[in-house]
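Chains as they are written, first to last, in our numbering: chain A, 3 to 199; chain B, 3 to 199; chain C, 3 to 199; chain D, 3 to 199; chain E, 3 to 199; chain F, 3 to 199; chain G, 3 to 199; chain H, 3 to 199; chain I, 3 to 199; chain J, 3 to 199.
Every residue gets a Cβ at the ideal spot worked out from N, C-alpha and C, and that includes glycine.
These figures come from a predicted structure and were not determined experimentally.
Right, one structure below, let's go through it.
Protein chains: 10
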Amino acid sequence: MSIVGKKFPNLSVNAMNDLGDTFKVNVLEEAQKNNKKVLLFWYPKDFTFVCPTELHAFQAALEEFEKRNVMVIGASCDTPEVHFAWLNTPKDDGGIEGVTYPILADSNRNLSSRLGILDITGESYDEETGDVTLEGDNVTYRATYLIDEEGTVFHEGVNHMPLGRNVQEFIRLIDAYTHVQKNGEVCPANWEEGKDA
Amino acid sequence: MSIVGKKFPNLSVNAMNDLGDTFKVNVLEEAQKNNKKVLLFWYPKDFTFVCPTELHAFQAALEEFEKRNVMVIGASCDTPEVHFAWLNTPKDDGGIEGVTYPILADSNRNLSSRLGILDITGESYDEETGDVTLEGDNVTYRATYLIDEEGTVFHEGVNHMPLGRNVQEFIRLIDAYTHVQKNGEVCPANWEEGKDA
Amino acid sequence: MSIVGKKFPNLSVNAMNDLGDTFKVNVLEEAQKNNKKVLLFWYPKDFTFVCPTELHAFQAALEEFEKRNVMVIGASCDTPEVHFAWLNTPKDDGGIEGVTYPILADSNRNLSSRLGILDITGESYDEETGDVTLEGDNVTYRATYLIDEEGTVFHEGVNHMPLGRNVQEFIRLIDAYTHVQKNGEVCPANWEEGKDA
Amino acid sequence: MSIVGKKFPNLSVNAMNDLGDTFKVNVLEEAQKNNKKVLLFWYPKDFTFVCPTELHAFQAALEEFEKRNVMVIGASCDTPEVHFAWLNTPKDDGGIEGVTYPILADSNRNLSSRLGILDITGESYDEETGDVTLEGDNVTYRATYLIDEEGTVFHEGVNHMPLGRNVQEFIRLIDAYTHVQKNGEVCPANWEEGKDA
Amino acid sequence: MSIVGKKFPNLSVNAMNDLGDTFKVNVLEEAQKNNKKVLLFWYPKDFTFVCPTELHAFQAALEEFEKRNVMVIGASCDTPEVHFAWLNTPKDDGGIEGVTYPILADSNRNLSSRLGILDITGESYDEETGDVTLEGDNVTYRATYLIDEEGTVFHEGVNHMPLGRNVQEFIRLIDAYTHVQKNGEVCPANWEEGKDA
Amino acid sequence: MSIVGKKFPNLSVNAMNDLGDTFKVNVLEEAQKNNKKVLLFWYPKDFTFVCPTELHAFQAALEEFEKRNVMVIGASCDTPEVHFAWLNTPKDDGGIEGVTYPILADSNRNLSSRLGILDITGESYDEETGDVTLEGDNVTYRATYLIDEEGTVFHEGVNHMPLGRNVQEFIRLIDAYTHVQKNGEVCPANWEEGKDA
Amino acid sequence: MSIVGKKFPNLSVNAMNDLGDTFKVNVLEEAQKNNKKVLLFWYPKDFTFVCPTELHAFQAALEEFEKRNVMVIGASCDTPEVHFAWLNTPKDDGGIEGVTYPILADSNRNLSSRLGILDITGESYDEETGDVTLEGDNVTYRATYLIDEEGTVFHEGVNHMPLGRNVQEFIRLIDAYTHVQKNGEVCPANWEEGKDA
Amino acid sequence: MSIVGKKFPNLSVNAMNDLGDTFKVNVLEEAQKNNKKVLLFWYPKDFTFVCPTELHAFQAALEEFEKRNVMVIGASCDTPEVHFAWLNTPKDDGGIEGVTYPILADSNRNLSSRLGILDITGESYDEETGDVTLEGDNVTYRATYLIDEEGTVFHEGVNHMPLGRNVQEFIRLIDAYTHVQKNGEVCPANWEEGKDA
Amino acid sequence: MSIVGKKFPNLSVNAMNDLGDTFKVNVLEEAQKNNKKVLLFWYPKDFTFVCPTELHAFQAALEEFEKRNVMVIGASCDTPEVHFAWLNTPKDDGGIEGVTYPILADSNRNLSSRLGILDITGESYDEETGDVTLEGDNVTYRATYLIDEEGTVFHEGVNHMPLGRNVQEFIRLIDAYTHVQKNGEVCPANWEEGKDA
Amino acid sequence: MSIVGKKFPNLSVNAMNDLGDTFKVNVLEEAQKNNKKVLLFWYPKDFTFVCPTELHAFQAALEEFEKRNVMVIGASCDTPEVHFAWLNTPKDDGGIEGVTYPILADSNRNLSSRLGILDITGESYDEETGDVTLEGDNVTYRATYLIDEEGTVFHEGVNHMPLGRNVQEFIRLIDAYTHVQKNGEVCPANWEEGKDA
């Protein structure tokens, strides 16, 4: 069930940043209280190969997002301690040193299970004992959410595990949505800021 | 619940093309039987403003998709008869004359409700009479699915009503996924064909 | 279950007219607030063959209905946008240009499903996934409702898909019912206004 | 729920004719075994005022129906004995002497309750005793069914109590349907045999 | 479950008399408000053979009942209109002309189903469709109830269809019960008024 | 629910006779195996006042019943031992010495509860403990059943506690039913053997 | 489930005495209101062999019980009328003439079923009809209850049908319990009044 | 619910004897396999005051029981180890040294809970946590069972905690029951071996 | 389900000490009211071999525990009487003479079943009778709980039956936890008081 | 519910070792197939403070465990990739470089949830949406399991978060259990290998 057109879930999640602080982030409140758009992107696991390139790519474009009044938030199901260890690992060693935006540590899966983006492909139930056994690693796909200043989701996208994201496309979607917000128009296909709508 | 990483639903839906033929399309079978990728894109309604620009944009890029062994399919919840009337309306009159790929006519919402992309924002139930009343027009958001040759979904994206899609981004995702298929690698952020992975 | 002798459902539905305005119509309120009778007729689909002849036939008799204080309303499950496109299509091209009464756009099927006139001939339920698949196009039969000034249905009739309606028969039924209202009598078979009851 | 487009219920019901014989009639089988169309009309009660005019009107047109290979069957919830008494009552005394087609005596309401045409407007349930009390006389509205040679209903119509039927309209509907059966066409509005479709 | 020793059901039922008036009768209230005993007898159907002899027999003894402060009420499941037609049919033609006590017209079976005296010998339920089909004509057996001034049933008897009743026996039972009421004694077997108890 | 027109329950019950033998009686089998009619009459309690007069009255008419091939059986909820004590008590002392037909001892109420003739006027349930408390003495009313040679009940009658039965009326009913069996006719009101039907 | 250590059930039951009065007895209240102990003994049936010897034995020891402030009550499921008949039967004829303590007439089994002492050895349920059939005569075993001044049961014993009771043993138990009440001690095995505890 | 007249539960329980052996005892099988009667007596707790006097009293009468082919078995809910410790404690120290019959150690309460003789006077259930809390020590009352050679219980008796048993009374009951077995008679009140029945 | 990190269950249990007093202990309240830590250790049964060595070992270290403000409580499912007998048995005879800390007597298993430490290895349910039969002796494993001053469990350990505990390890755990409480640090592996953390 | 005395759950879990291989480990099978004991210890999170000291402590004692035929396995809910990153972090930097035993990566919590050792302290359910929100980080406490060669758990212990374990105590427990296995004895409190049992 898509949540586009609906409010983002109202839920606080642990997060870590490059200073080593553990704090709570409620994405919906971040958007509404700060009157900002939010780009929230999920990746499967810390300390893997594709993931750091995505984290660095969002970091590289961070100024572009901030110019557009967009807060960038990363997210995985690892713990804050593991995020911090990764944040302290140099880029050349496969780390994400230099990333400054917060990263959610959804270790209890409260948010990712509500979004339905965990890689659980099956669930077997043992009637005799009542035990449930999950199939899959219980980590997230590469899901991205664009949320407006009122907390409404205006884009959601999910990529399969091995497929990295295109940061420019999210900037285009944000610009198009901002254009719609300002001009009360709709944005046709392939629209780009500065080109005719 | 995302369907990335899962098979696309196995379901036949009515479709219309520019010849005026009504026929059945099963997206999963199209991919598996023809050993092709499929790009399936949904738009809310025939005879509206944003939608035709998207349909023309996909038509303009059709050769690019075919070169990549990708079948393009459009879809809305209108009837085949309405699709045909729109296909016969000139582009200048807001029509989609010139579109040659098939368009699903999911008037019974069998496929769109299973994908969870209808704009139903509420459902009220009258306990006394048993009547159910829906809120929303019961038409789809702008959802796009990329499906591989085995019928597995490798990307899904949903845009809010007023937000047109970027055809080039889908070509990038298809190229990246094909790269992964060929090279057994993963594709990092912002990957593009021809650039280093 | 027939609804003759009962109030028409209390429900607002989108509608379109020849001016291109989308507005809400609540059939029950139209009758009660305006102290009018209502003739509501459903047809399966816009841009088909039988349907426009019926829409033109009701238009041709519109004066007769108005003389009798009867409001005529058409209805299908197409969207307002599709109704408007059809209203702008000349009669010679299979369009309904010239129709001036409102046409309901019951795209969410709230009203037609409550009346039980959709062509759903079956429904299969997949116990494992919880998915429901409908058989049929989910469009309406040719159903007609005559409603009095208090909102009570005094005639309902349903024709199979290929069978057009007889406008004169509805005028006869309206006259007979009005005769009963005025004279407190019952109207025997084949009764016609001006003939002896 | 309309039964147009579906088979008529497969059910045997007591019937009476002018010879005083009580016999069983299964409307579905009558149509299928004899390869005939059937016109089945229900009226509320024997020994009332409107009803005999309808019964005489159908009798007067009986030859017209037979020419079209249509079997006419009347029906109410009275017993066969009451039907027979009424059949033996002269027309001038409010009787139906002279009627020769069979009349169903659905005293157990098996068929009328399945068709949903009984005038039950409410049902109260006493939780303490388990007793159910019906509101209404438990007799039928003036419902008419046109059934084709395969037992499929192609028209259903229900008139409120005081409103007599128009026999000619049923002949028109039968002719139109027969025209569709023969020519594979659809019949537009106001179609009449001999006029251009 | 016998209702002897309990109050008669508190329920209003349509009734007809020889004047052609349709009115409501609540047997329990008739007894209590008028401080009378009531003899209520049910017969299966109007316009049959045994039944009129019973109705005439109760009429012939009406004076005897009235002398004993007993109200006589007949009852079947036919409609008031049918009762009136039968009341207007001469005795020689199998009618009940001359009957002056009221006759219940329990066409909705509210009272007879609560008393459990309908000839329903079975009930089949179609699980797929939810339809219920009754076996039997849904008319009553020859049941008789004697009710005292407080509405308490002091005798109930049910005869199989072909078995007429003995009016004198009911007079004997009424006299015996009155004797008990007056003398606070019990009445032994074969007791008759005037004979020693 | 009346059991007239249905088979008598198939159940064995303890019985006692004047010889002091305890034996089992299955009323249904008695009728069917011996090809006899059965008159079964219930009384409330042994060693009371009304009851012995009824038992003696049936004894006095026993020859009449036997001539008609009718077996007479008495019944109460007392034990066989109590029946025997009563059978040994002289008539002058309120006993039933001289009675020769069998008397059922339905101390476990298996048969009387199935017939619904126990004087239980209420039942209270203690939710906390699960205890059920009955109101009433749990003895039977004066119920009488006439059963034919196939075990079908053709008359049932229930008298309130203080009201003795009329043996002649049962003989009349048996004669009438036998007349119907022989002549295939129905027996009108007040019919008596030898009088014209 | 033993009720020793719990209050005796709070329930009124019909009773009979040698004066022929029917009255209500609530065992719990008898104990509490009169500040007495109660010995309640059940026997299976009136007019049998073992039972009268037990009733006479308790009568013979009545003075002993009264001296100890103990009320003796007998009980069976027979009616008060049967008890009275037995009370009027001389001892030599198997009767219990001379018994002066009250005898419960638990004909509705309210008390005996709560105590769980009825000889029901099985219960079969007919799913089709909902009928329950009991196995056993539904009379009690030889159960004895000793109840103290607060209504608490301090001994319960049940003997199989053919096994008579020992009145002296109950006196011993009462004396022992009284000893405990007075001295706050426990009574060892084989304790007897006057012997050392 | 009394188990007199039923088979003793078929269940194996741990037991201890004076040799210190732990072994299993199935009371039902002991009776049936050895063709013996069984006297089973329960006491609340080892190492208390009343209990040893009872255990010694049964030991003192053991020869009397054996002469009558009766096996004596003691029982409490203590463990075999505790029984053994008590068996090794001299009588003068409150022990049961010298007892030679087996003592059940029903620590899991399988048998005592089935017999319903545990002193649980209440049970509270915490809905939130699902926890059940018992009131009472979960030890048994002083219950005694006499079981015949077929395993049928012919006497059960339960004494409140402080009330010791009378060994002679059990011998009397055994003799009486044996008398019934031999002579096919019933044993009247106060019967004793050698006295006239 | 571990209860570490949760409050200890709030429940009163019988207990015994060397003075022979039976009293109630609520472990949670002991900790909270006295602002003490509690060490609660369970052993399977009194009067066995391993168990006394454990009880003596805890007694020997009692001063060490008290120095650390820790209350020691033993526990088994035996009764207070059995505990007292064992407390009076000299150490050389396998007794626990000299033990001064209280010992819980959880004979109703209220606390041990809530902790889930009973040796019940199975439970069979007889559907016909509703009887539940447990497998296992229904005694506890060697479970130990360390509880802090707020009643929170900070260690739980369970040993299989034959495996005695190490008192020193519990002292180490208490010291470590106290260290954490004082210093707000965590205690690494093998930490010991006085060694560097 | 303790699992001491039961088989360890039969479940395969991902694991990582110092070579960087991801492989599956089924603890039960490891014990049974290799005929070894297993020590399985859980810690809350990688990259924290207490945890590495425990991992190093077990590594330091690895030879001792192997000598005793014991396999050591670590476990947390982090992913294999995070384990590997930690294994490659030098001890001085808070890493676990040098650890050679396998570490389970129970990211889907299949095993830890079955053992009941996750720090979930609450679970709130939103009835309207069906969403479940967990309280706690969903990581494990410091739980340790000792499993014998047949897969039976003979010790389980759980420490609160900040409390490190004592490796020597586990060696003691293993030696004691091995002693029991060899000598068929039980091991008293404070037992140590080489000291007298």
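Exercise. Terminal residues of the continuous alpha helix (DSSP H) containing C:L30?
Worked result: V29 to N36 is the span of the alpha helix (DSSP H), which, as asked, contains C:L30.
For this session: Say whether chain G places a C-beta atom closer than 9 Å to the C-beta of F:T135.
Result: Yes - at least one Cβ of chain G is within 9 Å of the one on F:T135.
Exercise. Would I:V84 pass as a contact of I:V40 if the rule is Cβ separation under 9 Å?
Worked result: Taking 9 Å as the Cβ cut-off, I:V84 and I:V40 do not qualify as a contacting pair.
Problem set entry | Which listed residue (C:H162, C:V155 and C:M163) has its alpha carbon closest to that of D:V160 | Out of C:H162, C:V155 and C:M163, C:V155 has the C-alpha closest to the C-alpha of D:V160.
For this session: Tell me, please, whether the CB atom of I:I119 is closer than 9 Å to any CB atom in chain H?
Result: For I:I119, the nearest beta carbon of chain H is not closer than 9 Å to its own beta carbon.
Problem set entry | Local conformation of E:K184 per DSSP, three classes | Note: E:K184 maps to helix in three-state DSSP.
For this session: Could you tell me whether the Cβ of J:R70 comes closer than 9 Å to any Cβ of chain I?
Result: Not one chain I Cβ lies under 9 Å of J:R70.
For this session: From the DSSP output, in three-state form, read off J:H162 for me.
Result: Three-state result, J:H162: coil.
For this session: Could you check the C-alpha separation between H:T81 and H:V27 for me, to the nearest Å?
Result: C-alpha separation (whole angstroms): 14 Å.
Exercise. Do J:V101 and J:F43 have their C-beta atoms closer together than 9 Å?
Worked result: No. Outside cutoff.
For this session: Could you tell me which chain E residues have their CB closer than 8 Å to the CB of D:T123, listed as they occur along the chain?
Result: Simply none; closest approach about 11 Å.
Problem set entry | Cα-Cα separation, F:T24 to F:A17 | Rounded to whole angstroms, F:T24 to F:A17 spans 6 Å at the Cα level.
For this session: Look up H:K26 in the DSSP assignment and give the residues it is bridged to.
Result: H:N16.
Exercise. Residues bridged to J:S78 by DSSP?
Worked result: Residue pairing by DSSP places J:S78 opposite J:A107 in a beta bridge.
Problem set entry | Chain-order list of residues whose beta-carbon lies under 7 Å from that of I:I176 (same chain, five-residue window excluded) | If you ignore the 5 residues before and after I:I176, its C-beta comes within less than 7 Å of the C-beta of K39, R70, V72 and L148, all in its own chain and listed in chain order.
For this session: Check distances from the C-beta atoms of the segment 149-173 of chain I to those of chain H and list, in chain order, the residues that come in under 8 Å.
Result: Those residues of the segment 149-173 of chain I placed with their C-beta closer than 8 Å to a C-beta in chain H do not exist.
Exercise. So the beta strand (DSSP E) J:R144 belongs to, where does it begin and stop?
Worked result: The continuous beta strand (DSSP E) containing J:R144 extends over residues R144 to I149.
Problem set entry | Spatially closest choice to F:G196 from F:A178, F:D48 and F:G186, by CA coordinates | Among F:A178, F:D48 and F:G186, the Cα nearest to that of F:G196 belongs to F:A178.
For this session: Would you tell me roughly how many angstroms separate the C-alpha atoms of B:L13 and B:L30, rounded to the nearest one?
Result: If I take the Cα positions, the gap works out to 8 Å.
Exercise. Contact check, D:V15 vs D:L89 under 8 Å by CB: the rounded distance?
Worked result: Not confirmed; about 17 Å, so no contact.
Exercise. Can you list, in chain order, the residues of its chain whose CB lies under 8 Å from that of G:E56, leaving out five sequence neighbours each side?
Worked result: Non-local beta-carbon contacts of G:E56 in its own chain, meaning distances under 8 Å to residues more than five positions away in sequence, involve F43, Y45, R144, G166 and R167 in chain order.
Problem set entry | Beta carbon of J:G124 nearer than 9 Å to that of I:D121 | Cβ atoms of J:G124 and I:D121: not closer than 9 Å.
Exercise. Taking DSSP as the reference, what is the three-state secondary structure of C:D48?
Worked result: In the structure shown, the three-state DSSP call for C:D48 is coil.
Exercise. Helix, strand or coil: which one does DSSP assign to D:D139?
Worked result: D:D139: coil per DSSP, three-state reduction.
For this session: Measure the C-alpha to C-alpha separation of E:N140 and G:H162 and round it to an integer number of angstroms.
Result: Here the alpha carbon of E:N140 sits roughly 53 Å from the alpha carbon of G:H162.
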